[in-house]
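Participant:
Numbering (my numbering), first residue to last: 472 to 563.
In structure tokens:
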């Protein structure tokens, strides 16, 4: 089983999309600054993940989420959460 996941940087509100066969281990690597792409964007929050049956499907999903359509999907799917996260957790 593979996971496609999305992290939100609390430092600059950017997304990071990745895949892993061991989500917990990969999140620890992000948290501990062992991933070059996110090292300077910490702290990070896991905001979304999906399970995929194989690596090929996970890669396809990752590519989609990194596309313009995928970014729109993320914003639509997580609209309420992203609004609260970016406003410091305040609710309206």
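All C-beta atoms, glycine included, are put in the ideal place defined by N, C-alpha and C.
For residue 554, does the three-state DSSP call read helix, strand or coil?
Facilitator: helix
Participant: With DSSP run on the structure shown, which of helix, strand or coil describes residue 478?
Facilitator: strand
Participant: Excluding the 5 residues flanking residue 494 on each side, which residues of the same chain have their C-beta closer than 7 Å to its C-beta?
Facilitator: 474, 476 and 520
Participant: By Cβ distance below 8 Å, which residues in the same chain neighbour residue 472 in space, the five residues on each side in sequence not counted?
Facilitator: So the qualifying residues of the chain are 492, 522, 523 and 524.
Participant: Note down, in chain order, each residue of its chain lying with its Cβ closer than 8 Å to the Cβ of residue 485, except the 5 sequence neighbours on either side.
Facilitator: 479 and 512
Participant: May I ask which residues mark the beginning and end of the beta strand (DSSP E) holding residue 489?
Facilitator: 486-491
Participant: Among the residues of its own chain, which have a CB less than 8 Å from the CB of residue 546, if the five just before and after it don't count?
Facilitator: 553
Participant: Would a C-beta distance cut-off of 9 Å place residue 490 and residue 548 closer than the cut-off?
Facilitator: no
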